[in-house]
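Numbering (the numbering used here), first residue to last: 96 to 492.
Cβ atoms here follow ideal geometry from the backbone N, Cα and C, with glycine treated the same way.
Heads up, the thing below is written out as structure tokens.
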């Protein structure tokens with residue numbers, strides 16, 4: 096009898112078979128433990144393992160995010176231009192602080208931008224001021240902003256781009272932007288009745304896709320449309336909307352800003368027919384849309400600040416649906432789609448408050464200790480350090 100068998104009190108005639116069983120068990124146990132350790136170390140990233148929220152939520156961000164959709168062409172919204180041909184950012188060349196921040200934030204969240212130099216109003220000669228504008232009548236400070244947007248829009252036309260996203264240089268977004276845009280694309284396709292494999296992942300037939308703004312009502316509540324009966328074809332068209340319910344990227348109702356009652360639609364984001372958004376934080380134009388806007392807001396005339404003029408174009412178009420009378424202004428039949436609450440919003444950066452705007456002169460010497468962005472849960476700007484270090488994302492609300 097072996098000493099090992101003796102210590103276990105095993106009789107000689109049984110020791111061989113039992114020892115073989117024990118040895119087999121030990122080999123199986125060793126393999127199981129080794130496999131378990133390898134999977135825990137290599138199969139699950141630390142940044143997911145150690146976070147408090149579930150991994151399905153937290154894997155929706157990062158430059159390697161490749162989409163969740165079973166529809167391959169819908170996943171194009173997760174590419175390095177977010178499903179558009181290009182992304183243009185408008186900003187004054189001397190605001191290197193804004194360029195540094197936006198370039199880094201875009202890279203960390205997985206997309207690439209091209210810069211369009213902003214324009215100062217005093218560099219625009221009188222002969223280049225569009226018809227309908229008196230630069231000396233209080234509009235002067237907005238003239239440079241208008242020209243910067245026109246230069247970006249002209250690039251779309253000149254380069255014959257299928258589409259482009261245009262944003263201002265102080266934008267912020269949720270770190271889960273690309274997963275948000277998958278839902279936006281589903282909504283715009285529904286509104287456009289898009290089937291099959293469209294040219295744009297957002298569907299075909301849109302002119303303006305307004306995804307960053309200060310707020311707007313639903314179009315049926317515009318003064319031009321309030322009097323129309325429920326069965327009016329225009330009202331039926333205006334009421335079409337795609338609701339993204341239980342959206343974890345929408346702030347609590349009391350922290351969501353805009354022009355609709357978010358308490359009535361908590362944690363819900365809408366893709367809907369545009370009414371007249373305020374602010375042009377971020378918007379996309381198709382090739383057809385760029386041509387319409389370049390004509391309407393420059394070549395033909397201009398009737399106000401750029402954002403108001405673009406909103407007016409969308410408003411005239413949507414309010415004409417179902418109407419038929421001589422001389423009706425159909426706003427070039429511009430098809431505008433909005434996202435409310437928006438997925439892009441103006442970031443108020445840490446530092447001097449006077450640096451917020453390049454249009455308005457702010458004399459305040461106040462210093463902001465922490466940057467803030469309305470309507471954005473996991474602010475990409477405020478999570479730059481966390482994205483670099485691979486640590487847990489922080490929510491603003």
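Would you give the residue range spanned by the alpha helix (DSSP H) that residue 200 belongs to?
191–204 is the extent of the alpha helix (DSSP H) around residue 200.
Tell me, to the nearest whole angstrom, how far the beta carbon of residue 422 is from that of residue 408; I am working on the premise that it is less than 8 Å.
Actually they are not in contact, since the Cβ atoms of residue 422 and residue 408 sit about 17 Å apart, beyond 8 Å.
Going by the beta-carbon positions, is the gap between residue 336 and residue 308 smaller than 8 Å?
Contact flag unset, no.
Residue environment, residue 271, which counts as buried when at least 16 other CB atoms sit within 10 Å
Around the beta carbon of residue 271, a 10 Å sphere encloses 16 or more other beta carbons of the protein chains shown; the residue is thus reported as buried.
Tell me which same chain residues have a C-beta within less than 6 Å of the C-beta of residue 481, skipping the five on either side of it?
Answer for residue 481: 488, listed in chain order.
Provide the residue(s) that pair with residue 179 in DSSP beta bridges, ordered along the chain.
In the DSSP secondary-structure assignment, residue 179 is not bridged to any residue.
In whole angstroms, give me the CA-to-CA distance for residue 248 and residue 237.
Linking residue 248 to residue 237 through their CA atoms gives a straight-line distance of about 17 Å.
With distance defined between alpha-carbon atoms, name the residue in 221, 209, 447 nearest to residue 175.
Scanning 221, 209, 447 for the CA closest to the CA of residue 175 turns up 209.
Residue environment, residue 292, which counts as buried when at least 16 other CB atoms sit within 10 Å:
Of the other Cβ atoms in all chains shown, fewer than 16 fall within 10 Å of the Cβ of residue 292; this residue is therefore exposed.
If you draw a straight line from the alpha carbon of residue 263 to that of residue 186, how long is it in whole angstroms?
Per the coordinates, the alpha-carbon of residue 263 lies some 7 Å from the alpha-carbon of residue 186.
If you drop the 5 nearest sequence neighbours on each side, which residues of the same chain put their C-beta closer than 6 Å to that of residue 410?
Closer than 6 Å at Cβ, skipping near neighbours: 371.
Enumerate in chain order the residues of its own chain whose CB-to-CB distance from residue 477 is below 6 Å, with the five nearest sequence positions on each side excluded.
The residues are 466.
Is it the case that the Cβ atoms of residue 259 and residue 183 are separated by a distance below 8 Å?
In this structure, the beta-carbon distance from residue 259 to residue 183 falls below 8 Å.
Please state if the CB of residue 277 and the CB of residue 180 are separated by a distance shorter than 8 Å.
Against a cut-off of 8 Å, the Cβ pair of residue 277 and residue 180 comes out as no contact.
Neighbourhood of residue 317 by C-beta distance below 6 Å, restricted to the same chain and skipping five residues each side
The beta carbon of residue 317 lies closer than 6 Å to those of 370 in the same chain, with the five residues before and after it left out.
Tell me residue 209's beta-bridge partners as DSSP assigns them.
DSSP, once it has assigned bridges, lists 183 as partnering residue 209.
First and last residue of the beta strand (DSSP E) that includes residue 266?
In the DSSP annotation of this structure, the continuous segment of the beta strand (DSSP E) that includes residue 266 starts and ends at 266–268.
Grouping DSSP H, G and I as helix and E and B as strand, with all else coil, what is residue 446?
Reduced to three states, the DSSP call for residue 446 is strand.
Three or more C-beta pairs closer than 8 Å, one from the region 353–364 and one from the region 380–399: is that the case here?
Touching, no.
Need the endpoints of the beta strand (DSSP E) that residue 339 sits in, please.
Note, residue 339: beta strand (DSSP E), 336–339.
Whole angstroms are fine: how far does the CA of residue 240 sit from the CA of residue 188?
Here the C-alpha atom of residue 188 lies approximately 14 Å from the C-alpha atom of residue 240.
Return the bridge partner residues of residue 242 from the DSSP annotation.
In DSSP, residue 242 forms no bridge with anything.
For residue 284, collect the residues of the same chain with a Cβ closer than 6 Å to its Cβ; drop the 5 residues on either side in sequence, then sort them by chain order.
Around residue 284, the same chain offers 298 as residues with beta carbons nearer than 6 Å, after the five sequence neighbours per side are excluded.
Which value, in whole angstroms, describes the spacing of the CA atoms of residue 324 and residue 311?
If you take the alpha carbons of residue 324 and residue 311, they lie about 22 Å apart.
Give the secondary structure of residue 380 by DSSP, where H, G and I count as helix, E and B as strand, and everything else as coil.
Residue state, collapsed to three classes: strand.
Is the beta carbon of residue 219 sitting closer than 8 Å to the one on residue 397?
For residue 219 and residue 397, no; Cβs fall outside 8 Å.
Can you grab the Cα-Cα spacing for the pair residue 223 / residue 402, in whole Å?
Spanning the two alpha carbons is a distance of roughly 19 Å.
What would DSSP say about residue 477, mapped onto helix, strand or coil?
For residue 477, the three-state secondary structure derived from DSSP is helix.
Identify, in the order they occur along the chain, each residue of the same chain with its Cβ nearer than 8 Å to the Cβ of residue 198, setting aside the five sequence neighbours on each side.
Hits under 8 Å: 208.
Hey, could you find the ends of the beta strand (DSSP E) residue 365 is sitting in?
Note, residue 365: beta strand (DSSP E), 364–368.
Compare the C-alpha of residue 168 against each of 289, 322, 266 and name the closest.
Of 289, 322, 266, the residue nearest in Cα terms is 289.
Buried or exposed, going by whether 16 or more other CB atoms sit within 10 Å of the CB of residue 378?
Counting Cβ neighbours within 10 Å, residue 378 comes out buried, since at least 16 surround it.
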